[in-house]
Every structure is written in structure tokens, then in C-alpha cells.
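Trainee: In case it helps, the numbering used here puts the sequence shown at residues 1 to 99.
Note that CB positions come from ideal geometry on N, CA and C, so glycine has one too.
In this text, all values refer to a predicted model and were calculated from it rather than measured experimentally.
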Amino acid sequence: YMPVTEKGFDEYLPDAVSTLESPRYKSLYNTFMAMQKDYRFYTPPQYSFYLDKETLFEKNIRTILSEESKEYLGKETDKDKELIKCRDEALDRLKEIME
């Protein structure tokens, strides 16, 4: 379980961590608490289509970046120019999918 609200982090997690026996789980949950202090909670936009767009993005980003990485690694040309080209092509493909 990972808390998803500030109340969960502040009120429930510290007590729960103190009851854990596994050092690995204690370490994991202590890391959660440390991160909660240093980072802000993200609240996604409340649009009916948001989850569909987010899911589509997640589904495609790894595929696109993997393909561009293979193309970049397979070229024997100027690596700096090729990197910029692959970056731009990946961004264009993502924009196209997300529209």
C-alpha cells in the first residue's frame, strides 16, 4: 500500500511503518515519507478524456522512444545531429498520437 493523500502520509504511514518487521518494507516506506516531504502531490486535470489520453501516452511513449533509440544507435553519421533528429521525430510522433 502506498498512500495517495497527504493525510495518508501524515497520519497513517508513520505508525504503520513502525509496526513493520521487514527491513526492506521499512526502507521502502521510509523512502515514501522522505519523498513526500520533498515533492508535491500531482492532481491530474479533471477532464473526462484525461485518463484515455494518459493511457495512450503511456502505451506509446516506450515504443516510440525505443524505435528512435534503435535508429540513433544504428547510424554512423554525426551523433549530435542524429540525436536531435531522433528527438524531433519522437516528439512529432507523440504530438500526432496525442491530437
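Is the beta carbon of Tyr29 less than 8 Å from the beta carbon of Val17?
Mentor: Within the sequence shown, the letter at position 29 stands for residue 29. Within the sequence shown, the letter at position 17 stands for residue 17. Going by C-beta atoms, Tyr29 is nearer than 8 Å to Val17.
Trainee: Roughly how many whole angstroms lie between the Cα atoms of Leu20 and Lys7?
Mentor: Locating residue 20 in the sequence shown gives position 20, where the first residue counts as 1. Locating residue 7 in the sequence shown gives position 7, where the first residue counts as 1. Straight-line Cα distance between these residues: approximately 20 Å.
Trainee: Cutting at 7 Å between CB atoms, please list the residues of its own chain near Ile64, excluding the five before and the five after it.
Mentor: Taking the first residue of the sequence shown as 1, we reach residue 64 at position 64. Taken in chain order, the residues that qualify are Ala90, Arg93 and Leu94.
Trainee: Let's test the definition: count the other Cβ atoms within 10 Å of the Cβ of Glu68 and tell me whether it reaches 16, buried, or not, exposed.
Mentor: Here residue 68 corresponds to residue number 68 of the sequence shown, with the count starting at 1. Glu68 comes out buried.
Trainee: If Tyr12 sits next to Pro23, beta carbons under 8 Å apart, how far is it from one beta carbon to the other, in whole angstroms?
Mentor: As a first step, residue 12 must be located in the sequence shown, where it is residue number 12. As a first step, residue 23 must be located in the sequence shown, where it is residue number 23. So it is not a contact: roughly 21 Å between Cβ atoms.
Trainee: Looking only at its chain, what residues have a beta carbon closer than 7 Å to the beta carbon of Phe57, apart from the 5 residues adjacent to it on each side?
Mentor: Taking the sequence shown and counting its residues from 1, one reaches residue 57 at position 57. Same-chain partners within the cutoff: Met98.
Trainee: Could you check how far apart the C-beta atoms of Phe9 and Met33 are, in whole angstroms? I think they sit under 8 Å.
Mentor: As a first step, residue 9 must be located in the sequence shown, where it is residue number 9. As a first step, residue 33 must be located in the sequence shown, where it is residue number 33. Phe9 to Met33, Cβ: 6 Å. Contact.
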